[in-house]
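Residue numbers (the working numbering): 1 to 422. Worksheet: the structure to be examined is printed underneath.
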RNA sequence: GUGGGUGUAGCUCAGUUGGUUAGAGCGCCGGAUUGUGGAUCCGGAGGUCGCGGGUUCGAAACCCGUCAUCCACCCCA
């Protein structure tokens, strides 16, 4: 019989890892809530056209990375590759724009992209993201960036850099693009093969190429910042001034271009070293046109998403085992009467609020104590036939080896005070 | 989709120019200790050498294929 294995790029999170993940998720939740964001739970699959329309039909995600399948009636459905599209869809569908207070949401959960797995990249991966609707004000951008920075910084992640850029409005980019293309074509021979391709496919991406030759060529290239409207310019200036006012350190990066079609104006990314080639921990930006694109009323919006796997990779050891565990009692019931009494003792302790475990395979006291040790229980409750005959049990402190008799008739009552550290 | 690295015990890894019965450390089980864990000592179990072909008197090793995994490109969180 062949063994069925997990899918490529889809990982199990084993119990050794889940406390760190809970720590990360709870920390992000707490910060988002503190910033006035509310949790939104959206489905992990949607109609395919939602993603095609929002992310951009010619992006890699839509062209070759989506998990798409047919519903029974033939409708094309897709496992979500990101969270913004579904959030916007829900925002429109439930007419949240009619609510007279800004709608600020956060979400977390799995995303799916069919890519070759590598360090920091999986086919099922997890994101935490926020979206802020209705405020065409630099303060909304600042708030979102501040939240992103606070979450990551508070987790103690090392060597973070916040990079920020101004993409301008669509019209600004439309004016700039042909100028850039003309420049790139002039210098095409010196560019790497990928960039030669990019000139036609996505010229702005050439600016973000890692190949040194490409970077030297694009260094004196015309810059988008010279083609921005006064509005775009002053908007961005306000964002930067706000970040300075609240002491969020940023680096301007005129090469920073986001991959998804819907971004405009402010765009940002937090990167870290020691992450391998995929060094972006989180990224986001403003996407004022998206709600309208998806059939809603024109609505300004800004948001970000962070990659939970990447955060987990960066999380320092000091933050990994922070989960404080209550004292746990190992119940060692052995012998004919002892093992029966052990079962009732286990249940009584648990019902009274005490964490209690046992290994039912162990039949001797020695085996029980060995398991108590391995399970790192601070206490063991010894319960053999002799104890049962006397109506008592022995509570042993595993570290100090001190032992106390407790009455079975008042078990939890007598055990409880002995558990608290003296 | 493209390129490269790695697949030997539960884990981390040795394994000579191809040569008898494939090893170590850690872990696991048992005993020393018949009702008291960890430490020590002694003993023991555990392997389709990823899989399938091929070369050879002989393959864990060489060749071909294949799968898995990791890393990088592309792209992205």
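Using N, Cα and C, we set each Cβ at its ideal position, and we do this for glycine too. Please read these numbers as outputs of a predicted model, since none were measured by experiment.
Since residue i sits in a beta bridge, which residues does DSSP pair it with?
i, result
"residue 380", "330 and 396"
"residue 267", "165 and 285"
"residue 121", "118"
"residue 110", "126"
"residue 407", "392"
"residue 105", "38 and 131"
"residue 251", "163"
"residue 413", "Paired residues: none, contrary to the question."
"residue 423", "Residue 423 is absent from the structure shown; the chain starts at 1 and stops at 422."
"residue 356", "329"
Whose C-beta lies closer than 7 Å to the C-beta of residue i among residues of the same chain, with five residues either side of it excluded?
i, result
"residue 239", "138, 141, 142 and 266"
"residue 135", "102 and 300"
"residue 243", "142, 145 and 250"
"residue 257", "204, 205, 207 and 208"
"residue 388", "337, 338 and 341"
"residue 228", "166, 168 and 172"
"residue 11", "122"
"residue 232", "166, 168, 169, 172 and 265"
"residue 226", "none"
"residue 401", "none"
"residue 58", "none"
"residue 87", "40, 42, 105, 107 and 131"
"residue 382", "332, 365, 393, 394 and 396"
Among the options, which one has its Cα closest to the Cα of residue i?
i, options, result
"residue 7", "92, 45 and 115", "115"
"residue 316", "159, 124 and 358", "159"
"residue 356", "399, 412, 305 and 56", "412"
"residue 376", "348, 311, 55 and 326", "326"
"residue 312", "280, 329, 284 and 331", "280"
"residue 213", "196, 395, 226 and 202", "196"
"residue 79", "90, 87, 66 and 73", "66"
"residue 408", "360, 345 and 162", "345"
"residue 304", "28, 396, 245 and 210", "28"
"residue 73", "302, 52, 47 and 271", "47"
"residue 201", "22, 5, 60 and 391", "60"
"residue 106", "14, 39, 133 and 247", "39"
"residue 333", "31, 271, 363 and 15", "363"
"residue 215", "179, 255, 33 and 77", "255"
"residue 314", "292, 156 and 367", "156"
"residue 117", "349, 253, 384 and 278", "278"
"residue 252", "161, 189 and 330", "161"
"residue 397", "416, 410, 384 and 385", "416"
"residue 41", "90, 210 and 19", "90"
"residue 149", "263, 210, 20 and 32", "32"
"residue 390", "405, 399, 380 and 381", "405"
"residue 224", "235, 174 and 271", "174"
"residue 129", "77, 194, 37 and 154", "37"
"residue 133", "19, 420, 373 and 297", "297"
"residue 271", "77, 152 and 245", "152"
"residue 373", "354, 399 and 410", "399"
"residue 23", "185, 309, 70 and 69", "309"
"residue 49", "294, 418, 248 and 361", "294"
"residue 194", "210, 14 and 354", "210"
To the nearest whole angstrom, what separates the beta carbons of residue i and residue j, a pair I think is in contact under 8 Å?
i, j, result
"residue 199", "residue 217", "Incorrect: roughly 12 Å between the Cβ atoms, too far for contact."
"residue 9", "residue 127", "The pair is not a contact, with the Cβ atoms about 15 Å apart (cut-off 8 Å)."
"residue 359", "residue 378", "About 16 Å; that fails the 8 Å criterion."
"residue 307", "residue 282", "7 Å"
"residue 112", "residue 81", "6 Å"
"residue 291", "residue 164", "23 Å between Cβ atoms; not a contact."
"residue 384", "residue 365", "7 Å"
"residue 380", "residue 330", "4 Å"
"residue 263", "residue 287", "5 Å"
"residue 62", "residue 51", "6 Å"
"residue 448", "residue 84", "Lying before the first or after the last residue shown, residue 448 is absent from the chain, which here runs from 1 to 422."
"residue 289", "residue 302", "The Cβ separation is near 12 Å, so there is no contact."
Quick one: what's got a C-beta closer than 6 Å to residue i's C-beta in the same chain, skipping five residues either side?
i, result
"residue 35", "147"
"residue 352", "412"
"residue 221", "183"
"residue 261", "56"
"residue 276", "119 and 120"
"residue 273", "159"
"residue 347", "none"
Note down, in chain order, each residue of its chain lying with its Cβ closer than 8 Å to the Cβ of residue i, except the 5 sequence neighbours on either side.
i, result
"residue 17", "312"
"residue 392", "405, 406, 407 and 408"
"residue 177", "203 and 204"
"residue 350", "356"
For a test of your reading of the model: does the CB of residue i fall under 8 Å from any non-hydrogen atom of the ligand MN? Yes or no.
i, result
"residue 235", "As presented, the structure is devoid of all ligands, the ligand MN included, so that no description of it is given."
Length-filtered (4 minimum) alpha helix (DSSP H) runs lying within the stretch 29 to 56:
Qualifying alpha helix (DSSP H) stretches, in chain order: 48 to 55.
Mind pulling the alpha helix (DSSP H) runs of 4 or more residues that sit fully within the stretch 150 to 200?
170 to 186
At which residue ranges does the stretch 60 to 99 contain complete beta strand (DSSP E) runs of 3 or more residues, listed in the order of the chain?
Listed in chain order, they are 67 to 70 and 76 to 79.
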